[in-house]
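> Shown below is the structure under consideration.
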Amino acid sequence: MASPQNTKTGLNLPAGMNQTSLRLETFSSSFRGISSLSSPSKSTCSDRFIPCRSSSRLHAFDLQDKEPTTPVKEGGNEAYCRLLKSELFGSDFASPCLSPAGGQGSASSPMSPSTNMLRFKTDRSNSSPNSPFSPSILGNDNGLSSDSSPPPRPPRKVPKTPHKVLDAPSLQDDFYLNVVDWSSQNVLAVGLGTCVYLWTASNSKVTKLCDLGPNDSVCSVQWTREGSYISVGTSHGQVQVWDGAQCKRVRTMGGHQTRTGVLAWNSRILSSGSRDKNILQHDIRVQGDYVSKLVGHKSEVCGLKWSHDDRELASGGNDNQLLVWNNHSQQPVLKLTEHTAAVKAITWSPHQSSLLASGGGTADRCIRFWNTTNGHQLNSIDTGSQVCNLAWSKNVNEIVSTHGYSQNQIMLWKYPSMTKVATLTGHSMRVLYLATSPDGQTIVTGAGDETLRFWNVFPSAKMQTPVKDTGLWSLGRTQIR
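Convert by adding 591 to the 1-based position in the sequence shown; the result is the number in my numbering.
Structure follows, in structure tokens:
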């Protein structure tokens, strides 16, 4: 007789099976059906991989199979291996390759792990500081090592003689004048007596710009930065502006009481210094002779130079003062009084803002470097002779200085170490005048011996190699007028 549960479901179930077991069996079958639609294998994830090498030949994982060797060959291999490791990794890594027991123990049993298995580095504790296999001259501590610094570059060779000499009759031997300047259009201006001459470097053509007359003389010349106009300071205190291409006077400005010995242009203002101790600021766009007067020196102004950003004007005088002015005040922002002689030589660094260099006369003989932001003196070098001019190379961080008594030399310095690169001689009198070519490679110097000498002292901005002589620059002596 069927049970009440079997009767209730209407199913004839075999003996020993009830409705509950039927439901479980049905669920299990359904689950297996769903599983068969998924991936055929079930992947097992783990956080690490543990190899099983119980059946592996562990000696096959060494660099080479351990073969039976003779004692002599075994000792040679050990010595070579230690020497090789010493050369490659240093003396601390010069440990024996083979075991002290003869080197065969590890290879004789296939289950004994190799000493090189799964090791990142050799044990340093076994190395001996007095090992006979310490690094030799081929090791890491010698100059051939890949991480050693490259050998120092040999010093640049600077020609010791000028490649061109020009005769300059009536070139005055006066420390307080500035009558030589080289334009950005490669035209050299020279004041000789009462006249100004222009020498074109590309074709050596000489042009007479002006003649001031028998009662006047040229005391200073200065090109504009564009090289189109040139200003001329006279012994009567005038400042004339000329068109260099047309040799035509554009403007004449007064204001000084006596000779105008130094001139300096920025992008729009012409500054002039005079024996009357004053500095006048001229603007050729306005009608007046000058727009402002800077009073601060107690003697003749003989040095003037605008900074490259046109923000500061440095002036030097026969009162041994170096003054720094800005565009917003008619009073000097800095008064530097460390020099003990006249300050004519002034130059600004084209490589670092607010870095100024100045040179003193016979009683001082020093080149001094200044931070015009705070007025601190950065360095001072005693050159041993009167400093007449300074020029900072725009191609490299080097400075050229010209000197007077007693050697009349030209010196090239590397900044900031101030080591001498070269010393050039040739002038028989003090080298009072200095100008730099527009490409920054050549300088021209003038002296009371009435000669202008051209020197290749700086490398080019791109090639960093000395300038080669050409037919145009062949050594020769030519008269400029």
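Think of the CB as a built atom: it goes at the ideal place given N, C-alpha and C, for glycine as much as any other residue.
Between valine 770 and valine 781, what straight-line distance do the alpha-carbon atoms span, to the nearest angstrom?
Counted from its first residue, the sequence shown places residue 770 at position 179. Counted from its first residue, the sequence shown places residue 781 at position 190. Taking the straight line joining both Cα atoms gives about 6 Å.
> Roughly how many angstroms separate the alpha carbons of serine 811 and serine 984, rounded to a whole number?
By one-based count along the sequence shown, residue 811 stands at place 220. By one-based count along the sequence shown, residue 984 stands at place 393. Their Cα atoms are separated by approximately 22 Å.
> Would you identify the three-state DSSP class for tyrosine 671, choosing helix, strand or coil?
Locating residue 671 in the sequence shown gives position 80, counting from the first residue. Residue state, collapsed to three classes: helix.
> Going along the chain, which unbroken runs of the beta strand (DSSP E) with 3 or more residues stay wholly within the stretch 840-910?
851-856, 861-865, 869-873, 883-886, 892-897, 903-908
> Let me confirm a value: valine 853 is counted as buried when at least 16 other C-beta atoms fall within 10 Å, else exposed. Which label applies?
Residue mapping note: residue 853 aligns to position 262 of the sequence shown, counting from 1. Buried.
> In three-state terms, what does DSSP make of serine 984?
Along the sequence shown, one-based indexing puts residue 984 at 393. DSSP places serine 984 in coil when its eight states are reduced to three.
> Sorry if obvious, but does the Cβ on asparagine 857 come closer than 7 Å to a heavy atom of the ligand NAP?
No copy of the ligand NAP occurs in the structure displayed, which carries no ligand at all.
> Where glycine 570 and leucine 969 are concerned, what is the direct C-alpha to C-alpha distance, given to the nearest angstrom?
Absent from the structure is residue 570, since the part of the chain shown begins at 592 and ends at 1072.
> What number of angstroms, rounded off, separates the C-alpha of tryptophan 814 from the C-alpha of arginine 747?
Walking along the sequence shown from the start, residue 814 turns up at place 223. Walking along the sequence shown from the start, residue 747 turns up at place 156. When rounded, the distance between both Cα atoms is 31 Å.
> In chain order, what residues of the same chain lie with their CB nearer than 6 Å to the CB of asparagine 668, ignoring the 5 residues before and after it?
One-based indexing of the sequence shown puts residue 668 at position 77. Cβ neighbours of asparagine 668 beyond the five flanking positions: none.
> Can you tell which of Thr974, Gly846, Gly818 has its C-alpha closest to the C-alpha of asparagine 777?
Residue 777 sits at position 186 when you count from the first residue of the sequence shown. Checking every option, the nearest Cα to that of asparagine 777 belongs to Gly818.
> By how many angstroms is the C-alpha of threonine 791 removed from the C-alpha of serine 890?
Position 299 of the sequence shown, counting from 1, holds the residue named residue 890. Position 200 of the sequence shown, counting from 1, holds the residue named residue 791. Taking the straight line from one Cα to the other gives about 36 Å.
> DSSP has threonine 1014 in a bridge; who is on the other side?
Along the sequence shown, read from residue 1 onward, the residue named residue 1014 stands at position 423. Answer by DSSP bridge pairing, in chain order: Met1002.
> For arginine 1021 and leucine 757, I'd like the C-alpha separation in whole angstroms.
Residue 1021 sits at position 430 when you count from the first residue of the sequence shown. Residue 757 sits at position 166 when you count from the first residue of the sequence shown. Using only the alpha carbons, I get a separation of about 17 Å.
> Does isoleucine 1034 pass the burial test, meaning 16 or more other C-beta atoms within 10 Å, or should it be called exposed?
Mapped onto the sequence shown, residue 1034 falls at position 443. It is buried - the Cβ of isoleucine 1034 has at least 16 other Cβ atoms within 10 Å.
> Please decide whether threonine 964 counts as near chain D, where near means a Cβ-Cβ distance under 8 Å.
Considering every chain present, this structure includes no chain D. It has just one protein chain.
> Going by DSSP in three states, phenylalanine 575 sits in which element: helix, strand or coil?
In the structure as shown, the chain starts at 592 and stops at 1072, and residue 575 therefore has no counterpart that could be examined.
> Contact between the stretch 916-923 and the stretch 959-967: three or more CB pairs below 8 Å?
no
> Which residues in the same chain as phenylalanine 618 place their Cβ atom closer than 6 Å to its Cβ, once the five residues preceding and following it in sequence are excluded?
As a position in the sequence shown, residue 618 is number 27, starting the count at 1. With a pLDDT of 45 at phenylalanine 618, under the threshold of 50, the predicted position of this residue should be treated as unreliable, though the coordinate-derived value follows. If we look at phenylalanine 618 and ignore the five residues flanking it on each side, it has no Cβ neighbours.
> Suppose you measure from the CA of proline 1137 to the CA of valine 841; what does that come to, to the nearest Å?
With the chain covering only 592 through 1072, there is no way to say anything about residue 1137.
> Quick one: what does DSSP say lysine 676 is sitting in, helix, strand or coil?
Sequence index remark: in the sequence shown, residue 676 carries index 85 (1-based). Lysine 676: helix per DSSP, three-state reduction.
> Ends of the beta strand (DSSP E) at lysine 796?
Counting from one through the sequence shown, the residue named residue 796 turns up at place 205. Here the beta strand (DSSP E) through lysine 796 covers 796-802.
> Quick one: what's got a C-beta closer than 6 Å to alanine 1052's C-beta in the same chain, skipping five residues either side?
By one-based count along the sequence shown, residue 1052 stands at place 461. Cβ neighbours of alanine 1052 beyond the five flanking positions: Asn986.
> Could you check whether serine 858 and arginine 816 sit closer than 8 Å to each other, using their CB atoms as the reference points?
Within the sequence shown, the letter at position 225 stands for residue 816. Within the sequence shown, the letter at position 267 stands for residue 858. Yes, Cβ-Cβ distance for arginine 816 and serine 858 is below 8 Å.
> Using only the alpha-carbon positions, how far apart do valine 787 and lysine 799 sit?
Taking the sequence shown and counting its residues from 1, the one referred to as residue 787 is at position 196. Taking the sequence shown and counting its residues from 1, the one referred to as residue 799 is at position 208. Roughly 6 Å between the two C-alpha positions.
> Quick check on DSSP: helix, strand or coil for glutamate 665?
Taking the first residue of the sequence shown as position 1, residue 665 is located at position 74. Three-state result, glutamate 665: helix.
> Pull up the distance between the alpha-carbon of aspartate 880 and that of glycine 845, whole angstroms please.
Your numbering for residue 880 matches position 289 in the sequence shown. Your numbering for residue 845 matches position 254 in the sequence shown. The alpha-carbon atoms of aspartate 880 and glycine 845 are separated by roughly 6 Å.
> Valine 809 and serine 822 - do their beta-carbons sit closer together than 8 Å?
Counting from 1 along the sequence shown, the entry for residue 822 is found at position 231. Counting from 1 along the sequence shown, the entry for residue 809 is found at position 218. Against a cut-off of 8 Å, the Cβ pair of valine 809 and serine 822 comes out as no contact.
> Could you give the distance in angstroms between the alpha-carbon of threonine 1016 and the alpha-carbon of aspartate 874?
Position 425 of the sequence shown, counted from the start, is the residue given in the question as residue 1016. Position 283 of the sequence shown, counted from the start, is the residue given in the question as residue 874. Straight-line Cα distance between these residues: approximately 40 Å.
> What did DSSP end up calling threonine 1033 once you bin it into helix, strand or coil?
By one-based count along the sequence shown, residue 1033 stands at place 442. Threonine 1033: strand per DSSP, three-state reduction.
> When the Cα of threonine 1014 is compared with those of His994, Thr849, Tyr1006, which residue comes out closest?
To locate residue 1014, count along the sequence shown from 1; it is residue 423. From the listed residues His994, Thr849, Tyr1006, the smallest Cα separation to threonine 1014 is found for His994.
> Run through DSSP, which three-state label would valine 771 get?
Residue numbering aside, residue 771 sits at position 180 when the sequence shown is read from its first letter. Residue state, collapsed to three classes: strand.
> What separation, rounded to the nearest whole angstrom, lies between the Cα atoms of phenylalanine 680 and proline 742?
As a first step, residue 680 must be located in the sequence shown, where it is residue number 89. As a first step, residue 742 must be located in the sequence shown, where it is residue number 151. If I take the Cα positions, the gap works out to 23 Å.
> Note down, in chain order, each residue of its chain lying with its Cβ closer than 7 Å to the Cβ of lysine 751, except the 5 sequence neighbours on either side.
Taking the sequence shown and counting its residues from 1, one reaches residue 751 at position 160. Counting only Cβ-Cβ distances below 7 Å, and skipping sequence neighbours, we find Leu1015.
> Just to confirm, are alanine 936 and leucine 981 a CB contact at a threshold of 8 Å?
Reading the sequence shown from its first residue, position 345 is the one you call residue 936. Reading the sequence shown from its first residue, position 390 is the one you call residue 981. It is a contact, given that the beta carbons lie within the stated cut-off.
> Going by DSSP in three states, proline 687 sits in which element: helix, strand or coil?
Translated into the one-based positions of the sequence shown, residue 687 becomes position 96. Residue confidence is low: proline 687 scores 49 on pLDDT, short of 50, so the model does not pin down where it sits. No coordinate-derived value is stated.
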